[in-house]
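Single-structure report; data block below.
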Amino acid sequence: MVLLIAGGSGGHIFPAIALAQRLKDLSYEVYLLTDQRGERFITQDVSLFDHVEVLENFSFSSGHNKFYLKPIALCFQIWLWIQQTRKFFQLYSNSAQAFFSFGGLMSVIPMALGWFFYKYDGKKIKFFALHQSDRVLGRANRFLAKWIGIPVVFTGYPETLKVPKTVSVIPVGTPVRKEFFKIPDIKFENGPLGILILGGSQSASFWSKVFLNALELLDESHRQAFCIFHQCPEKDLSYVQERYNQLNVSCDVRSFFLSLPEILKQVHVVFSRCGASSAAELACCGRGGFFVPYPYAKDQHQDYNAAFWVSQEAGWSCPQSELNEEKIAFFLQESLEHPQRLLYTGARAKNFGRKDAAMAMIQYWQNEF
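Sequence positions in the sequence shown follow the numbering used here and run 25 to 393.
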């Protein structure tokens, strides 16, 4: 059995699903350990796993979420995860051949407990590895590598920052689900220019106004040349849909696109944050991204991600603090008048799409252990 551990955001879960697909092709038994936030991302792939263990998330009831209670809540959360993980390991740890962790706070507990108490198979040490999609090693993975001693870190980029010198660093790329490999290259035919707006798996509100304001600056004939797929927060759905209707723009507005590969078949360019998993998916299907990195991340990891794609002419980037409707309107106008630049950027992105990332991880494990 192979155990995959992933925190509850899409950036952690989706690479784990991609690795699970390859493991199942090789007839491995695959278990997934995640938290309650991660459940919604596996609804279409739950049959892929032989067992899914969901750790509960702790929080105080509404009205008691004061800042001074957060340390107490964190202590309760860690205690709860320890208890649940111990029960899981008591049932299944003996059959685990390998532990792959994809980051997120909850991943610390099972990886630490597994390493300290369940890492031996007889006299032989089981395989333990971390995967870091971003160009900066995340805090959970950093803790596990530096203080717990997890020996192997697979990375999504050729160079990753803040990696302890004591670990083996294996650049493999970010595992991407098979569905993204079936998307045809960009074509410009007699039809609309397809645009996808993503806010990351948690969605983002700022697109709801700035993008629509940008469309308002364009001539109506230009607006009608677009077909827009817009992911926005649930609370913005009615407002965003109404604005598109007022502007007479063809659109599909949802809080989350479950079948993203199907949407990407109709899309020429994507406006998005720059989470490493999303960027890797776009690269594998040959779509350029207009990236607006999440500005509040402590390590600015999305800025580093975006800088890589821009340096390879495989995307565009603009800090959120500098983004306005005029810049977006200009980009849209240029895309209509010079669509070949979307073709070029998409092709450049595809050059860096690693379709073999998951297999590279599996082969390293098989060869080394």
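Glycine included, C-beta positions come from ideal geometry on N, C-alpha and C.
Please name the residue or residues paired with residue i in a DSSP beta bridge.
i      : result
Glu77  : Leu57
Ser125 : Ile29 and Leu154
Pro195 : Thr179
His254 : Ile221 and Val277
Val160 : Leu185
Lys148 : Asp145
Is the separation between the beta-carbon of residue i and that of residue j shorter than 8 Å?
i      : j      : result
Gln248 : Phe280 : no
Leu236 : Val264 : yes
Leu154 : Ile174 : yes
Gln121 : Val273 : no
Ala353 : Ala238 : yes
Asp59  : Ile41  : no
Met135 : Ile29  : yes
Phe230 : Gln344 : yes
Gly128 : Gly31  : yes
Pro394 : Lys206 : Outside the shown range of the chain, which is 25 to 393, sits residue 394, and nothing can be said about it.
Pro39  : Phe151 : no
Met385 : Phe178 : yes
Leu43  : Pro199 : yes
Ala477 : Ser131 : Missing from the structure shown is residue 477; the chain here goes from 25 to 393 and no further.
Asp260 : Ser232 : yes
Phe376 : Gln336 : yes
Ser341 : Pro319 : no
Gln290 : Gly370 : no
Gln108 : Glu80  : yes
His75  : Ile210 : no
His246 : Leu360 : yes
Tell me, to the nearest whole angstrom, how far the beta carbon of residue i is from that of residue j; I am working on the premise that it is less than 8 Å.
i      : j      : result
Arg20  : Val294 : Any property of residue 20 remains undetermined from this structure, which presents the chain solely from 25 to 393.
Asp158 : Ala304 : Contact doesn't hold; Cβ gap of about 11 Å is too wide.
Phe124 : Glu77  : Going by Cβ atoms, the distance from Phe124 to Glu77 rounds to 15 Å, so no, they are not a contact pair.
Leu220 : Ile287 : 6 Å
Ile194 : Tyr388 : 6 Å
Gln45  : Arg278 : With a Cβ gap of about 25 Å, Gln45 and Arg278 do not count as contacting.
Phe314 : Phe355 : 6 Å
Gly180 : Gly197 : 6 Å
Val176 : Leu347 : That belief does not hold up - the Cβ atoms of Val176 and Leu347 are roughly 38 Å apart, past 8 Å.
Leu271 : Glu349 : Not really, about 13 Å apart at Cβ, beyond 8 Å.
Ser117 : Ala97  : The Cβ separation is near 28 Å, so there is no contact.
Ala338 : Ala307 : 7 Å
Tyr328 : Val160 : 6 Å
Ala396 : Arg297 : Missing from the structure shown is residue 396; the chain here goes from 25 to 393 and no further.
Legend entry - Segment contact flag, the segment 351–368 with the segment 377–385, C-beta cutoff 8 Å, min 3 pairs: Taking one beta carbon from each stretch, the segment 351–368 and the segment 377–385 have fewer than 3 pairs nearer than 8 Å; the two do not touch.
Inset, instruction - State whether the segment 177–195 contacts the segment 203–216, with contact taken as three or more CB pairs (one from each stretch) at a distance under 8 Å. - result: Touching, no, given that fewer than three Cβ pairs across the two stretches are closer than 8 Å.
Legend entry - beta strand (DSSP E) runs wholly inside the segment 329–373, at least 3 long, in chain order: 339–341
Inset, instruction - Entirely within the segment 283–324 and at least 3 residues each: give me those beta strand (DSSP E) ranges in chain order. - result: Qualifying beta strand (DSSP E) stretches, in chain order: 293–296 and 312–315.
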